[in-house]
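Participant:
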Amino acid sequence: FDPDGTAGLTGSATVLAIFRNTTATAFTAANFNPNFPVNGNPDTPPPTVVDNGDAVFSITGTRAVGQTLTAAIATADPDGNGSGGFSYTWQSSTDGSTWGNVGTNSASYTIAAADEGKQLRLLTAYTDAQGFSESVTTSVGSVPNVNDAPTDLAFTTNGIQENIVAGSIIGTLSAVDPDAGSTFAYALVAGNGTNDVDNALVDIVGNEVRVKSDASIDFETNPVLNLNIRVTDNGGLTYTKAVTAAVLNVNELPGLNPATLSLQFLDTAFSAALPTASTGSIAINNAADFGGIIPITYGPASTNGLYGTLAVSSAGLTTYTGNGTAIKNQSTSTLTDTFQVSATDGNTTKTGTYTVSIANPTAENTLLITETGNGILDGIRYGRWPLIIPGIFPDHTLMMENTMAPC
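Structure follows, in structure tokens:
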């Protein structure tokens, strides 16, 4: 200040206020008032603005999956609700500490299946009429955990090798359930007669599907396994589904079934070679190996037996030619000739027994001479008697029969 009381101002300084013969009070954040009255007391602090509280919200609706919750103002903000509106965020938590958003920007929320068993709350944000930013948390409570039925079932397998050993695990079962932590039990159940046709081939142990102890899975018979399975959760609710699995074909050893050819030779000419050959065929347990891709051949082409010869074609057809001399020299009523025959797919071979049964050959070695009137049997007792004539039919027995009663 100039000594004579006149202020001298130079430069570009801005003058806020000039007081003469007045004790100045320093401006601070506590007493600064932008509306400071020119004629007022500079020592009077400005009035303080206070947040007098928040609005209170209420939530209506049933806490259950599929039900809708709705928020509304129960008590207005003491400072006024403001004009900016409210922002809503619905949240869920499994432990009450960590929360995640499940719905935003709406005063309503429909409870989802994923919320079952969890706690819900609502966060509401707004600016009140005094300019204070408010955030209000409203607890909803827990959504009751109600048991729901399983919604799906799966049979997982990498394919089933045909002829797999009984007791082998061929796949596993799993289920889908809306309820976290559910446990399951599985069972084979009757279906429509088609989707359950292979139920008898397997057992279920826990969640494992195993080949039954007395069962065999064969590609040629069951190229696809059809099972009907029911899953039951720990609350007793069920879900049933028909499942399938591919059976994988493998190169198999052709299996021979025992075969028998029954013959009866009529040796009316008493020749050394029997006049008629008998035919048959060899049976196997699959008409062609590996699904018909690999052909089967048979053998050997010809084999001599005790009473004849068996010829086998490459297609498995047999021809047995009897040896008359060998047969007629036997005294038993039934003769059996056996042969070893084989079937091969080019990689593996299996051998089986083929049997020829020759019925009553000795019956054909008997000549019967019948006397019906006067002749060589006159005076011989009524009945049938053996007659040996040296040098005539040495390998046969002649039976003499007198049908006339004694005179």
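In this note's numbering, the protein residues as written are 169 to 575.
Glycine included, C-beta positions come from ideal geometry on N, C-alpha and C.
Note that this is a predicted model, so its numbers are computed, not measured.
Going by DSSP, name the residue or residues bridged to K518.
Facilitator: Answer is A511, bridged to K518.
Participant: Do the CB positions of V399 and I332 come within less than 9 angstroms of each other?
Facilitator: Their beta carbons are not under 9 angstroms apart, which means V399 does not touch I332 by this criterion.
Participant: State the Cα-Cα distance for the pair T238 and P318, rounded to the nearest angstrom.
Facilitator: Approximately 30 angstroms, taken between the alpha carbons.
Participant: Spell out the partners DSSP gives N396 in its beta bridges.
Facilitator: Bridge partners of N396: A410.
Participant: Applying the 10 Å Cβ sphere with the 16-neighbour rule, what's the burial state of L369?
Facilitator: Its Cβ being crowded by 16 or more others within 10 Å, L369 is buried.
Participant: Is N491 helix, strand or coil when you go by DSSP?
Facilitator: DSSP places N491 in strand when its eight states are reduced to three.
Participant: Please report the Cβ distance between D513 and G473, rounded to the nearest whole angstrom; I am assuming they are in contact, meaning their Cβ atoms lie under 8 angstroms.
Facilitator: Actually they are not in contact, since the Cβ atoms of D513 and G473 sit about 27 angstroms apart, beyond 8 angstroms.
Participant: Taking DSSP's pairing of strands, which residues face N133 in a bridge?
Facilitator: The structure shown does not extend to residue 133, since the chain is modelled only from 169 through 575, so no value can be given for it.
Participant: Does the beta-carbon distance from T324 to S336 come in below 9 angstroms?
Facilitator: It is not a contact, given that the beta carbons lie outside the stated cut-off.
Participant: Please classify T516: is it buried, with 16 or more other beta-carbons within 10 angstroms of its beta-carbon, or exposed?
Facilitator: T516 is exposed by the Cβ-count criterion.
Participant: So who's on the other strand from N268, going by DSSP bridges?
Facilitator: Reading the sequence as shown, one finds Gly at residue 268 and not Asn. The partner list for G268 (beta bridge, DSSP) reads S260.
Participant: Any contact between the stretch 243-261 and the stretch 219-226? By contact I mean 3 or more CB pairs, one from each, below 8 angstroms.
Facilitator: Cβ pair count under 8 angstroms is three or more, so yes.
Participant: Are P346 and A281 closer than 9 angstroms when you measure CB to CB?
Facilitator: Yes, the pair counts as a contact, with Cβ atoms nearer than the cut-off.
Participant: For I227, write down the residues that DSSP places opposite it in a beta bridge.
Facilitator: The partner list for I227 (beta bridge, DSSP) reads A239.
Participant: Would DSSP call A368 helix, strand or coil?
Facilitator: The answer is helix: DSSP assigns A368 an H, G or I state.
Participant: For T325, which of helix, strand or coil comes out of DSSP?
Facilitator: Coil, per DSSP.
Participant: For S122 and G492, I'd like the C-alpha separation in whole angstroms.
Facilitator: Residue coverage of the chain in this structure runs from 169 to 575, which leaves residue 122 outside it and unanswerable.
Participant: Check the C-beta distance from L290 over to I227 and give it rounded, since I have them as a contact under 8 angstroms.
Facilitator: 6 angstroms between Cβ atoms; contact.
Participant: Let's see if you can read the secondary structure: which residues bound the beta strand (DSSP E) around G404?
Facilitator: Premise fails: G404 is in no beta strand (DSSP E) and is neither H nor E.
Participant: How close, in whole Å, do the beta carbons of N396 and G359 come, if the pair is a contact with beta carbons under 8 angstroms?
Facilitator: With a Cβ gap of about 3 angstroms, N396 and G359 count as contacting.
Participant: Given a cut-off of 9 angstroms, decide if L485 and S449 are closer than it, judged by their beta-carbon atoms.
Facilitator: Contact flag set, yes.
Participant: What separation, rounded to the nearest whole angstrom, lies between the Cα atoms of T272 and G229?
Facilitator: Distance between the alpha carbons of T272 and G229 is about 17 angstroms.
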